[in-house]
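K.L.:
Protein chains in written order, with this note's numbering: chain A, 1 to 409; chain B, 1 to 409.
2 protein chains.
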Amino acid sequence: MGTEFLKIKEVEEANDIIKKLFNELYSPKSEEIAIENSYKKVLFQDIESSIDLPPFNRSLKDGFALKSVDTFGASEENPNILKCIDSVEAGSFSNKTINKGECIEISTGAPIPEGADSVAMVEFSEKEDDEVFILKSVPPSQDIAIKGSDIEKNKLLLKKKTILSPDKIGVLSAQGIKKIATFKNPKISVISTGNELLKDNEEMEYGKIYDVNTNAIKNAAISCGGEGVANEIVKDDYDELKSSIQKSLKASDIVICSGGTSAGVGDILRHVLDDIGEVIIHGISVKPGKPTIIGKVDGKLVIGLPGNPVSALIIFYVFIAPNIRRLAGLNEVEKSKIATATLSKRLHSSKGRMQYSLVKLEDHLAIPIIKDSGAITSLADADGYVKIPKSVELIDEGEKVKVTLFNDF
Amino acid sequence: MGTEFLKIKEVEEANDIIKKLFNELYSPKSEEIAIENSYKKVLFQDIESSIDLPPFNRSLKDGFALKSVDTFGASEENPNILKCIDSVEAGSFSNKTINKGECIEISTGAPIPEGADSVAMVEFSEKEDDEVFILKSVPPSQDIAIKGSDIEKNKLLLKKKTILSPDKIGVLSAQGIKKIATFKNPKISVISTGNELLKDNEEMEYGKIYDVNTNAIKNAAISCGGEGVANEIVKDDYDELKSSIQKSLKASDIVICSGGTSAGVGDILRHVLDDIGEVIIHGISVKPGKPTIIGKVDGKLVIGLPGNPVSALIIFYVFIAPNIRRLAGLNEVEKSKIATATLSKRLHSSKGRMQYSLVKLEDHLAIPIIKDSGAITSLADADGYVKIPKSVELIDEGEKVKVTLFNDF
Numbered sequence: 001m002g003t004e005f006l007k008i009k010e011v012e013e014a015n016d017i018i019k020k021l022f023n024e025l026y027s028p029k030s031e032e033i034a035i036e037n038s039y040k041k042v043l044f045q046d047i048e049s050s051i052d053l054p055p056f057n058r059s060l061k062d063g064f065a066l067k068s069v070d071t072f073g074a075s076e077e078n079p080n081i082l083k084c085i086d087s088v089e090a091g092s093f094s095n096k097t098i099n100k101g102e103c104i105e106i107s108t109g110a111p112i113p114e115g116a117d118s119v120a121m122v123e124f125s126e127k128e129d130d131e132v133f134i135l136k137s138v139p140p141s142q143d144i145a146i147k148g149s150d151i152e153k154n155k156l157l158l159k160k161k162t163i164l165s166p167d168k169i170g171v172l173s174a175q176g177i178k179k180i181a182t183f184k185n186p187k188i189s190v191i192s193t194g195n196e197l198l199k200d201n202e203e204m205e206y207g208k209i210y211d212v213n214t215n216a217i218k219n220a221a222i223s224c225g226g227e228g229v230a231n232e233i234v235k236d237d238y239d240e241l242k243s244s245i246q247k248s249l250k251a252s253d254i255v256i257c258s259g260g261t262s263a264g265v266g267d268i269l270r271h272v273l274d275d276i277g278e279v280i281i282h283g284i285s286v287k288p289g290k291p292t293i294i295g296k297v298d299g300k301l302v303i304g305l306p307g308n309p310v311s312a313l314i315i316f317y318v319f320i321a322p323n324i325r326r327l328a329g330l331n332e333v334e335k336s337k338i339a340t341a342t343l344s345k346r347l348h349s350s351k352g353r354m355q356y357s358l359v360k361l362e363d364h365l366a367i368p369i370i371k372d373s374g375a376i377t378s379l380a381d382a383d384g385y386v387k388i389p390k391s392v393e394l395i396d397e398g399e400k401v402k403v404t405l406f407n408d409f
Numbered sequence: 001m002g003t004e005f006l007k008i009k010e011v012e013e014a015n016d017i018i019k020k021l022f023n024e025l026y027s028p029k030s031e032e033i034a035i036e037n038s039y040k041k042v043l044f045q046d047i048e049s050s051i052d053l054p055p056f057n058r059s060l061k062d063g064f065a066l067k068s069v070d071t072f073g074a075s076e077e078n079p080n081i082l083k084c085i086d087s088v089e090a091g092s093f094s095n096k097t098i099n100k101g102e103c104i105e106i107s108t109g110a111p112i113p114e115g116a117d118s119v120a121m122v123e124f125s126e127k128e129d130d131e132v133f134i135l136k137s138v139p140p141s142q143d144i145a146i147k148g149s150d151i152e153k154n155k156l157l158l159k160k161k162t163i164l165s166p167d168k169i170g171v172l173s174a175q176g177i178k179k180i181a182t183f184k185n186p187k188i189s190v191i192s193t194g195n196e197l198l199k200d201n202e203e204m205e206y207g208k209i210y211d212v213n214t215n216a217i218k219n220a221a222i223s224c225g226g227e228g229v230a231n232e233i234v235k236d237d238y239d240e241l242k243s244s245i246q247k248s249l250k251a252s253d254i255v256i257c258s259g260g261t262s263a264g265v266g267d268i269l270r271h272v273l274d275d276i277g278e279v280i281i282h283g284i285s286v287k288p289g290k291p292t293i294i295g296k297v298d299g300k301l302v303i304g305l306p307g308n309p310v311s312a313l314i315i316f317y318v319f320i321a322p323n324i325r326r327l328a329g330l331n332e333v334e335k336s337k338i339a340t341a342t343l344s345k346r347l348h349s350s351k352g353r354m355q356y357s358l359v360k361l362e363d364h365l366a367i368p369i370i371k372d373s374g375a376i377t378s379l380a381d382a383d384g385y386v387k388i389p390k391s392v393e394l395i396d397e398g399e400k401v402k403v404t405l406f407n408d409f
């Protein structure tokens, strides 16, 4: 072994290998969630209705439950007169049966009593003692929500992978469901390596910088359905990195490192993974992000992103995020995250490598962001990236490009 | 006093009154959040940079820091030879000064030593003991990220109301910021009233139904930037509702009730609010949702939505959500939530009231959902609603309509 790259992988090949690895090593897990706290959770299985809704024939209005035939011909001038034999409010019921010439006073939401087939609204009725004057004829089934008309028992209610929105949460509540199996967010640990990175307890000194990648990658993982469990900053030190990875593997499903991946001084992640596991990919034919590492330790993935925050986030979004999304029950890529725009100025690319170039969107224009490769502001300014295939050396001003958007707001 | 509606308000008037009330009674509050947990939080104030980034002139490559003039004319055949006087890794620094004919070995990320104005990449240099053979001429400033070139000190970094995405979190991290003031989510309590609603500890019996609104409205409030603090189901009982409202007012900024608002049997919310506070609106000229109540108690809003879950959610989205969003630092309505579509079949409306009609979107068609007004599935099927002004009696098949979308996925 040594510090040289393995055979550099093309983007499609790398994507295939990574997807296969994810599928081999992980399967989606479920977790029970109280539905009152289930906003944006993803259903782990199809949900069938267990009761009819409404659970009984239910009055849609305040009025009188009756036999519709008893209202035929009624008018304000010539009301039909019925005998009111009971009164029923929502939440209770009447056990009397309505016979011809009878009615029962009923509130919205109360069960329709036996013998009735319709409801006459209170607005078209008048009650005097136990006599009710029906002022208008009503057809059968008027203002009755029939048992099961909203949802029938034992029918598919919501499909697996439904993302729970307030209305869907309402549908589950109506069935009396209190807890629901949802996709469990895979746990992600993030480790940043670099002697130049200031640890939390260290004083700032010349030559040091604040770490970006733990927070940025943790939150990128959250944005695609992961749970960020632990962040750690370690020095470019074999033992320190090794013990941090081993600790993180215990706490999480996937460990994402950044820094220490270049084939040069400080290429320690490769050595650690060679020793405690296996390196599957070291090097992808892509710009930025060539020195990416995909390794496997104890049946879990350990991913090495470049130290440069911009490269790290782009590689994460392109190669890792779709797989985390799939584990979390989401679509690999949201359709809404692809925009078409016109390139505002010529974009150059290094031939021979797939290139991801940051752009800002303004009025359907994709404006390339040209900054130092390490500039964190270039990411904050960008709305997404344009993919330039390896055979393409430039895309000209005015050409239509597809922009993959970062944000899911 | 009494159970009659106050003067029914038109939609625009009601909207104005509600917005004014929100602005009178509430102002946005801030809360400190650790930036590692700040995904989707909203910045409460402009953030200025407190340090230059990079904080020093930083090498972008592994190589040799030198005076560019010392490389002029260098080639593989005729290398320039420099004396290597030190070596500097990222995270440390050299306090030596480079004089003419000298260079310092440097790693990516390390500070450029005094006297150097450029970096020669390791790929175009050869080192033998303390002699370095420069094989290619480099211009001044080659592969140096100048101090402050990414972000200058004391400049606007991120604006108030920026929603924190992973890249923006990265920008804050690069400044060494650990905590940040964000908009505090207003606290919302939800109370469902109705004798027909089954409480958690009650056995199902004929005439009862499971409550939908506590969970649906709580999660709708969360979807627009609220924090759901407490849910309660109470009977149509004056004392029970009153004490529930008083308890909820202590725990939350806004109390949202549903049910018990109709001008009929069981109109108890109005009575409670008349007694312990003030009713500002009772009745909006809108379908569904006419019996909506807006009240004020102890300087906080108590809102009465209809008991029908579909009406309750629509009224919430139309009249309440934009105000909660504003308090949470968000735009009142997201632009992305308005879609234009072609109506798939004629929509009728009751003249004289603004109507909100549920539609499903399919291939740019808006398909009206025609179900019983209480059918919770109609909401789950719907993607949004079409607004029909009160002067319009029907919108014909084939007409273009604007659909306000419910979901923010």
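A virtual CB, placed ideally from N, CA and C, is assigned to each residue, including glycine.
#1: Between Y210 (chain A) and chain B, is the shortest Cβ-Cβ distance under 8 Å, so that the two count as touching?
#2: Counting only the same chain and skipping the five closest in sequence on each side, list residues whose C-beta sits under 7 Å from that of Y238 (chain B).
#3: Take D381 (chain B) as the anchor and find which of B:E205, B:I370, B:T340 has the nearest alpha-carbon.
#4: Just to make sure I have the definition right: I need the residues of chain A whose C-beta is within less than 8 Å of the C-beta of G194 (chain B). Which are they?
#5: Name the two residues that bound the continuous beta strand (DSSP E) containing N80 (chain A).
#6: Work out the CA separation of L60 (chain B) and I395 (chain A) for me, nearest whole Å.
#7: Establish whether the CB of V171 (chain B) and some CB of chain A are separated by less than 8 Å.
#8: Check F183 (chain B) in the structure and name its three-state DSSP category.
#9: With DSSP collapsed to three states, give me the class of G170 (chain A).
#10: Determine whether the Cβ of S311 (chain A) lies closer than 8 Å to any Cβ atom of chain B.
#11: For E412 (chain A), which residues of its own chain have a beta-carbon under 6 Å away from its beta-carbon, when the five flanking residues on both sides are left out?
#12: Give a yes or no on whether the minimum CB-CB distance between F22 (chain A) and chain B is below 8 Å.
#13: The alpha helix (DSSP H) that contains V272 (chain B), what's its start and end?
#14: Taking 8 Å as the limit between beta carbons, can you name the residues of its chain near Q142 (chain A), skipping five residues before and five after?
#15: Closest to K7 (chain B) by C-alpha separation, out of B:T292, B:D372, B:G299, B:S243, would be which residue?
#16: Three-state secondary structure (DSSP) at T108 (chain A)?
#17: For the segment 33-52 of chain A against the segment 140-160 of chain A, are there 3 or more C-beta pairs whose distance is under 8 Å?
#18: From the DSSP output, read off the bridge partner residues of S189 (chain B).
#19: In this structure, does DSSP put P55 (chain A) in helix, strand or coil?
#20: Taking all protein chains shown into account, decide if A34 (chain A) is buried (16 or more other Cβ within 10 angstroms of its Cβ) or exposed.
#21: Under three-state DSSP, which class holds A263 (chain A)?
#22: Could you name the residues that DSSP lists as bridge partners for M354 (chain A)?
#23: Which residues, taken in chain order from the segment 369-380 of chain B, show a beta carbon closer than 9 Å to some beta carbon of chain A?
#24: Name, please, each residue of chain A whose Cβ falls closer than 7 Å to the Cβ of A328 (chain B).
#25: What are the residues of the segment 56-70 of chain B that lie near chain A, defined by any Cβ-Cβ distance shorter than 7 Å?
#26: Please list the terminal residues of the continuous alpha helix (DSSP H) segment that includes A328 (chain A).
#27: Name the residue from B:G73, B:F93, B:E123 whose alpha carbon lies nearest to the alpha carbon of P139 (chain B).
#28: Measure the Cβ-Cβ separation of K184 (chain B) and S38 (chain B) and say whether it is below 8 Å.
#29: Chain B partners of E48 (chain A), CB-CB under 9 Å?
#30: May I ask you to list the residues that DSSP assigns as paired with K136 (chain B)?
#31: In the structure shown, what three-state DSSP assignment does T340 (chain A) receive?
#32: Nearest-angstrom Cα distance between A263 (chain A) and K179 (chain B)?
#33: The segment 213-225 of chain A: which residues have C-beta closer than 8 Å to a C-beta of chain B, in chain order?
#34: Report back the beta-carbon spacing between G307 (chain A) and G194 (chain A) to the nearest angstrom; my notes put them in contact at under 8 Å.
#35: On the DSSP bridge list, what partners appear for C103 (chain A)?
#36: Against chain A, with Cβ distances strictly below 8 Å, would P139 (chain B) count as a contact?
P.N.:
To lay it out plainly:
#1: Here residue 210 (chain A) is taken as the residue at index 210 of the first sequence, counted from 1. Taking Cβ atoms only, chain B reaches closer than 8 Å to Y210 (chain A), which makes this a yes.
#2: Locating residue 238 (chain B) in the second sequence gives position 238, where the first residue counts as 1. Only I268, H271, V272 meet the Cβ criterion.
#3: For this step, residue 381 (chain B) is matched to residue 381 along the second sequence. Taking D381 (chain B) as reference, the option from B:E205, B:I370, B:T340 with the minimal CA-CA separation is B:I370.
#4: In the second sequence, counting from the first residue as 1, residue 194 (chain B) sits at position 194. The answer, in chain order, is A90, G91, G109.
#5: Indexing the first sequence from 1 puts residue 80 (chain A) at position 80. That run of the beta strand (DSSP E) goes 80-88.
#6: As a first step, residue 395 (chain A) must be located in the first sequence, where it is residue number 395. As a first step, residue 60 (chain B) must be located in the second sequence, where it is residue number 60. If you draw a straight line from the Cα of I395 (chain A) to the Cα of L60 (chain B), it is about 26 Å long.
#7: Position 171 of the second sequence, counting from 1, holds the residue named residue 171 (chain B). Yes, V171 (chain B) lies at the interface with chain A (some Cβ there is under 8 Å from its Cβ).
#8: The sequence position of residue 183 (chain B) within the second sequence is 183, counting from 1. DSSP places F183 (chain B) in strand when its eight states are reduced to three.
#9: Numbered from its first residue, the first sequence carries residue 170 (chain A) at position 170. Of the three classes helix, strand and coil, the one that applies to G170 (chain A) here is helix, per DSSP.
#10: Taking the first sequence and counting its residues from 1, one reaches residue 311 (chain A) at position 311. S311 (chain A) is outside the set of residues whose beta carbon lies under 8 Å from a beta carbon in chain B.
#11: A query on residue 412 (chain A) cannot be resolved here, the shown segment of chain A reaching from 1 to 409 and no further.
#12: Your numbering for residue 22 (chain A) matches position 22 in the first sequence. With its beta carbon at least 8 Å from every one in chain B, F22 (chain A) lies outside the interface.
#13: Locating residue 272 (chain B) in the second sequence gives position 272, where the first residue counts as 1. Following the DSSP letters along the chain, one finds V272 (chain B) inside the alpha helix (DSSP H) bounded by residues 268-276.
#14: Here residue 142 (chain A) is taken as the residue at index 142 of the first sequence, counted from 1. The answer, listed in chain order, is S68, S118, V119, A120.
#15: The residue you call residue 7 (chain B) lines up with position 7 of the second sequence. K7 (chain B) has its Cα closest to that of B:T292, out of B:T292, B:D372, B:G299, B:S243.
#16: Here residue 108 (chain A) refers to the residue found at position 108 when the first sequence is read from its first residue. Looking at T108 (chain A) - three-state DSSP - the assignment turns out to be coil, as it is neither helix nor strand.
#17: Touching, per the Cβ criterion.
#18: As a first step, residue 189 (chain B) is located in the second sequence; it is residue number 189 there, counting from the start. Bridge partners of S189 (chain B): B:A230, B:V255.
#19: Counting from 1 along the first sequence, the entry for residue 55 (chain A) is found at position 55. DSSP places P55 (chain A) in coil when its eight states are reduced to three.
#20: For the purposes of this step, residue 34 (chain A) is taken as the residue at position 34 of the first sequence. A34 (chain A) counts as exposed, since fewer than 16 other C-beta atoms from the protein chains shown sit within 10 angstroms of its C-beta.
#21: Against the first sequence, residue 263 (chain A) aligns to sequence position 263. No answer about A263 (chain A) holds up, because its pLDDT of 49 lies below 50 and its placement is not dependable.
#22: The residue labelled residue 354 (chain A) in the question sits at position 354 within the first sequence. Answer is A:V286.
#23: Under the 9 Å Cβ criterion, the segment 369-380 of chain B contributes K371, D372, S373, G374, A375, I376, T377, S378, L379, A380.
#24: Numbered from its first residue, the second sequence carries residue 328 (chain B) at position 328. Identification of chain A residues near A328 (chain B) by a Cβ-Cβ cut-off of 7 Å yields none; the smallest Cβ-Cβ distance measures about 13 Å.
#25: Taking 7 Å as the Cβ-Cβ cut-off against chain A, the residues of the segment 56-70 of chain B that qualify are F56, L60, D62.
#26: Counted from its first residue, the first sequence places residue 328 (chain A) at position 328. Premise fails: A328 (chain A) is in no alpha helix (DSSP H) and is neither H nor E.
#27: Numbered from 1 along the second sequence, position 139 holds the residue referred to as residue 139 (chain B). Selected option, being the one with the closest Cα: B:G73.
#28: For the purposes of this step, residue 184 (chain B) is identified with residue 184 of the second sequence, where counting begins at 1. For the purposes of this step, residue 38 (chain B) is identified with residue 38 of the second sequence, where counting begins at 1. Result no, Cβ atoms of K184 (chain B) and S38 (chain B) do not sit closer than 8 Å.
#29: Here residue 48 (chain A) refers to the residue found at position 48 of the first sequence. Per Cβ cutoff of 9 Å: no residues; E48 (chain A) is ~14 Å from chain B at best.
#30: As a working mapping, residue 136 (chain B) is identified with position 136 in the second sequence. DSSP output for K136 (chain B) lists no bridge partner at all.
#31: Residue numbering aside, residue 340 (chain A) sits at position 340 when the first sequence is read from its first letter. The answer is strand: DSSP assigns T340 (chain A) an E or B state.
#32: Here residue 263 (chain A) refers to the residue found at position 263 of the first sequence. Here residue 179 (chain B) refers to the residue found at position 179 of the second sequence. Residue placement at A263 (chain A) is flagged as unreliable, the pLDDT there being 49, under the threshold of 50; the coordinate-derived value follows with that caveat. For A263 (chain A) and K179 (chain B), the distance between alpha carbons rounds to 36 Å.
#33: Result list: N213, T214, N215, A216, I217, K218, N219, A220, I222, S223.
#34: Looking up residue 307 (chain A) in the first sequence gives position 307. Looking up residue 194 (chain A) in the first sequence gives position 194. Contact holds; Cβ gap of about 6 Å.
#35: As a working note, residue 103 (chain A) is residue 103 in the first sequence. DSSP, once it has assigned bridges, lists A:L66, A:C84 as partnering C103 (chain A).
#36: On the second sequence, residue 139 (chain B) is found 139 positions in, with the first residue counted as 1. Judged by the 8 Å Cβ criterion, P139 (chain B) is not in contact with chain A.
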